[in-house]
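Trainee: All residue numbers for the sequence shown refer to the numbering used here, where the first residue is 5 and numbers rise by one.
By construction, the Cβ of each residue, glycine as well, lies at the ideal position given by its N, Cα and C atoms.
From a predicted model like this one, the values you see are computed outputs, not experimental measurements.
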Amino acid sequence: MLLQAGKLDLMIDNCILDEQIFDHYVYQKEHLLLAVPKSYSVNTRLQEYQIPIETIHDGSFLSPEVLSVPLNSFANESFIILRSDNDTGKRALTICQENNFTPHTIFRLDQQMTAYNIACSGMGITFIGNLLLASAPATSELIFYKLPGKNCNRNVSFYWKKGRYISRAMEEFLKIALPR
Numbered sequence: 005m006l007l008q009a010g011k012l013d014l015m016i017d018n019c020i021l022d023e024q025i026f027d028h029y030v031y032q033k034e035h036l037l038l039a040v041p042k043s044y045s046v047n048t049r050l051q052e053y054q055i056p057i058e059t060i061h062d063g064s065f066l067s068p069e070v071l072s073v074p075l076n077s078f079a080n081e082s083f084i085i086l087r088s089d090n091d092t093g094k095r096a097l098t099i100c101q102e103n104n105f106t107p108h109t110i111f112r113l114d115q116q117m118t119a120y121n122i123a124c125s126g127m128g129i130t131f132i133g134n135l136l137l138a139s140a141p142a143t144s145e146l147i148f149y150k151l152p153g154k155n156c157n158r159n160v161s162f163y164w165k166k167g168r169y170i171s172r173a174m175e176e177f178l179k180i181a182l183p184r
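#1: Using the three-state DSSP reduction, which class does Met5 fall into: helix, strand or coil?
#2: Any chance the stretch 56-65 sits against the stretch 81-91, with 3 or more Cβ pairs inside 8 Å?
#3: DSSP puts Ser45 in a beta bridge; with which residues?
#4: Report yes if the C-beta distance between Tyr53 and Phe162 is below 7 Å; otherwise report no.
#5: Which one of Thr106, Gln101, Asn90 and Asn104 has the shortest CA to CA distance from Ala119?
#6: Can you tell me where the beta strand (DSSP E) holding Met15 begins and where it ends?
#7: Under 8 Å Cβ to Cβ from Thr98, same chain only, skipping five residues before and after it: list those, please.
#8: Can the beta-carbon of Asn47 be found closer than 7 Å to that of Asn76?
#9: Helix, strand or coil for Lys166, going by three-state DSSP, please let me know.
#10: Using the C-alpha atoms, what's the distance from Glu34 back to Asn134?
#11: Report yes or no: do the stretch 127-147 and the stretch 20-28 share at least 3 C-beta pairs separated by less than 8 Å?
#12: Looking only at C-alpha atoms, which of Glu81, Lys150, Gln101 and Ile180 sits nearest to Pro41?
#13: Does the beta-carbon of Thr106 have 16 or more other beta-carbons within 10 angstroms, so that it is buried, or is it exposed?
#14: Return the CA-CA distance between Lys11 and Leu21, expressed in angstroms with no decimal places.
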């Protein structure tokens with residue numbers, strides 16, 4: 005890893021790195037959602053769980069009044085899952101297992117944005133973070149659902165190697181970047 009080798013000073017990531025090796029600041033909380041192509045017939049049975057993109061953008065989907073979808077309703081559908089060495093991929097598989105099914109995976113990818121674009125084309129369901137949705141191109145081709153359980157929530161953090169000198173520039177960047 006470049007951060008551990010000292011080739012990078014700072015990294016932002018949604019995975020959890022070893023606290024004995026790395027220091028970190030939490031940048032933001034992220035929440036995974038299910039993105040389902042609009043053309044999938046399963047959506048007609050789950051209308052009460054569908055959440056508008058505006059509620060994702062303003063964070064109101066996190067309200068306890070917004071119901072989490074019964075995920076096993078999608079057990080027979082096709083999924084686009086990120087690789088198992090990716091935190092989103094690991095969490096997606098765990099979330100499915102917690103809901104008593106193994107997803108029928110048609111693609112294993114490296115990037116959420118690629119999975120999002122393929123889902124937009126109607127080829128499969130994917131797991132997507134609300135932070136990515138804030139900057140992704142708007143689409144009417146997907147329907148979004150809130151996920152059940154604690155594994156759909158994670159931190160996005162800035163990491164640096166413990167004991168490494170923090171330059172003035174890095175210190176100032178963190179002051180600007182971190183929410184107050």
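Mentor: In short:
#1: coil
#2: no
#3: Ser45 is not bridged to any residue.
#4: no
#5: Asn90
#6: Met15 to Asp17
#7: Asn155
#8: no
#9: coil
#10: 6 Å
#11: no
#12: Glu81
#13: exposed
#14: 17 Å
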